[in-house]
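Encoded as structure tokens, the structure appears first; notes follow it.
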Amino acid sequence: MSTEPQGPGVSNAQWDSRSVGRRWQQAFFATLIRIGGRRPAYACMYLVVLWYVLLRPFVRRRCRYYLDRRFPDVTNPLIRLWHDYRRIVALGGSLIDRGAFGLLGPGTLKVEFPEGRDLQALVDEGRGLIVLNSHVGCWQVAMSAFSYLHVPVSIVMHQRAGDIDPRWFQRAGEEAGLSIIDPAKNMGGIMEMIGTLKRREILGLMADRVFGDDPNTLEATFLGAPVHFPVSPYRLASMQGTPVAVVFSYKTGFSTYRIQLARVIRVPTGLGRSNEAYVPYLQEFVAALETFVQSHPWQFFNFHDMWQQST
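Start counting the sequence shown at 1; every next residue gets the next number (the UniProt record's numbering).
Take a look at the structure:
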């Protein structure tokens, strides 16, 4: 794995957080969840995924960005198609679980967190806590599980027209004591983020995507090729002297998830604004993410071409 600082802005305009489904499709699944819970929604999901994978080439193309790098030696067309199907089924299950979490409440799913005491110890240091997530498992459920810490949790989340995340997340998030910081606001929501850490609270950030034309990036090798990652989480940690917890979630059963404290990153204070100073700490995150996708290959839900940004 190698890293390289980037000067000019990196555009990620191709990425879109909106669902590929139409509004009526989202409403249909929401109705199924409200009436019958998750099981009927899952039953319909398998058929919908089969239709998308077989008849919508763009879905298979989006799967390939990641799968071709995770499984570079797989060339059999039928196995590749099976891999596409497995990945979209995993995504569909995550979306249904996310919807049930939002519509029926946090008690819908059981969440295990074996390293919960370790996270408590980080909070008890009294310097706030940055929790770095990736688009794996069901990160909304993972963040809600932190209610046992009895510390307010703020999550940085884009809220665009057509997004399903904020609407389905709002109700359960309020029950679990979560609030949302929109980075599309003035100054990218940075003042709210700093305020969260100064109040010794928890700040949740996605560390695997660059939004818009962001000059604050570093390039690191992920699955054998360079990818741009945001540098702001590590800069915030240095500014406030805040520990960084890399936390991933993954599905372990029909109604169960496990949260993994994959790594604790200690960024020294006073590193300044130079991107180069944060290379070692980004490397720690990327190493943890690579380890995760080796163990849980179907639960990585980035469907844009992360690697194209660096070509």
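Backbone N, C-alpha and C define an ideal beta-carbon position, used for all residues, glycine too.
Our two residues, Pro77 and Ala41, have alpha carbons roughly 29 angstroms apart in a direct line. Ranked by Cα distance from Phe301, the options Arg22, Asp208, Ala245, Phe71 are led by Asp208. The C-alpha of Leu132 is placed about 20 angstroms away from the C-alpha of Arg273. The Cβ-Cβ distance between Gly105 and Ile155 does not fall below 9 angstroms.
Distance from the CA atom of Thr217 to the CA atom of Ser94, rounded to whole angstroms, is 28 angstroms. Comparing alpha-carbon positions, the option among Tyr148, Ala262, Ile130 lying closest to Glu284 turns out to be Ala262. Scanning its chain for C-beta atoms nearer than 8 angstroms, with the 5 sequence neighbours on each side dropped, one finds around Val141 the residues Asp97, Arg98, Phe101, Pro106, Leu109, Val111, Ser249, Tyr257, in chain order.
Our two residues, Ile79 and Val151, have alpha carbons roughly 46 angstroms apart in a direct line.
Sequence-distant partners of Gln299 (beyond 5 residues in either direction) whose C-beta falls short of 7 angstroms from its own C-beta, in its chain, are Ala90, Val136, Gly137, Tyr250, Lys251. Counting every other CB atom within 10 Å of its CB across the protein chains shown gives Met306 a total of 16 or more, marking it as buried. Note on geometry: alpha-carbon atoms of Cys44 and Leu32 lie some 9 angstroms from one another. DSSP places Leu109 in the coil class of the three-state scheme, outside both helix and strand. Across the structure, Val247 and Arg266 are spaced so that their CA atoms are roughly 14 angstroms apart.
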